[in-house]
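Just so we're aligned: 110 in numbering that gives the first Met the number 0 is position 111 of the sequence shown, and the numbers increase by one with no gaps anywhere.
All residues carry an ideal CB built from backbone N, CA and C; glycine is no exception.
Heads up: the structure comes next, in structure tokens.
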Amino acid sequence: MRAMQPDPLAQLQDIELPPEVGFWPPAWPWWLLVIAIICLATASVIYYRRNRWRRAAIARLNELNSKDNQEYVIAINRLLKQIYVSRYGQGQSLSGIKWLASLDRKTKTPLFLPDLEDFAHAPDSGQTLDVNLLKMRAQQWIRRAK
Numbered sequence: 000m001r002a003m004q005p006d007p008l009a010q011l012q013d014i015e016l017p018p019e020v021g022f023w024p025p026a027w028p029w030w031l032l033v034i035a036i037i038c039l040a041t042a043s044v045i046y047y048r049r050n051r052w053r054r055a056a057i058a059r060l061n062e063l064n065s066k067d068n069q070e071y072v073i074a075i076n077r078l079l080k081q082i083y084v085s086r087y088g089q090g091q092s093l094s095g096i097k098w099l100a101s102l103d104r105k106t107k108t109p110l111f112l113p114d115l116e117d118f119a120h121a122p123d124s125g126q127t128l129d130v131n132l133l134k135m136r137a138q139q140w141i142r143r144a145k
């Protein structure tokens, strides 16, 4: 008879498990995600603050109401002049075509010339004005001004 051999399975030892993976420090993709969220939040705050004047100006433009077209045109012009002077520190003495050209220089595409050249002399000439077009162009200028 054969001699009793020891059981080879009895000689095996238990498998040691590695330590559990902790949640800190996170893997590099999580760091990238946190950095991206911080950058996005910072950019949003900066964008919101830089465009505060635009929101206020459009709100003031929408508040303007007048049944008299000439008063309405003067009020819009006054608002644009206030914005221009406060943003760029110049332009108080500009009027007429030079004023419209200076407004157009602050946008990538001209908004006031040549379509609205009539507005430069309209109060003097007494011609009928399309104030809705002027208001639309003023809103576009406020949104697009550099």
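With a Cβ-Cβ cutoff of 7 Å, do residue i and residue j count as a contact?
| i | j | result |
| --- | --- | --- |
| K105 | K80 | no |
| W140 | L102 | yes |
| L93 | F111 | no |
| R59 | L39 | no |
On the criterion of 16 or more Cβ atoms from any shown chain inside 10 Å, does residue i qualify as buried, or is it exposed?
| i | result |
| --- | --- |
| L32 | exposed |
| I37 | exposed |
| R54 | exposed |
| I75 | buried |
| I34 | exposed |
| L8 | exposed |
| I14 | exposed |
| I82 | buried |
Determine, for residue i, whether the minimum Cβ-Cβ distance to residues of chain D falls below 7 Å.
| i | result |
| --- | --- |
| K66 | The chain inventory of the structure shown lacks chain D, comprising one protein chain alone. |
By alpha-carbon positions, which one of the options ends up nearest to residue i?
| i | options | result |
| --- | --- | --- |
| Q69 | G88, L16 and K134 | K134 |
| R86 | R49, N64 and S65 | R49 |
| R136 | N64, I57, V84 and E62 | I57 |
| E62 | G21, P5 and Q138 | Q138 |
| G95 | T108, V72, G88 and K107 | V72 |
**Prompt:** Which ranges does the alpha helix (DSSP H) cover as unbroken runs of at least 4 residues, wholly within the segment 61–96, from first to last along the chain?
**Reply:** 68–87
**Message:** Please give the ranges of any alpha helix (DSSP H) in the segment 18–63, keeping only runs that are unbroken, at least 4 residues long and fully inside the region.
**Reply:** 27–49 and 51–62
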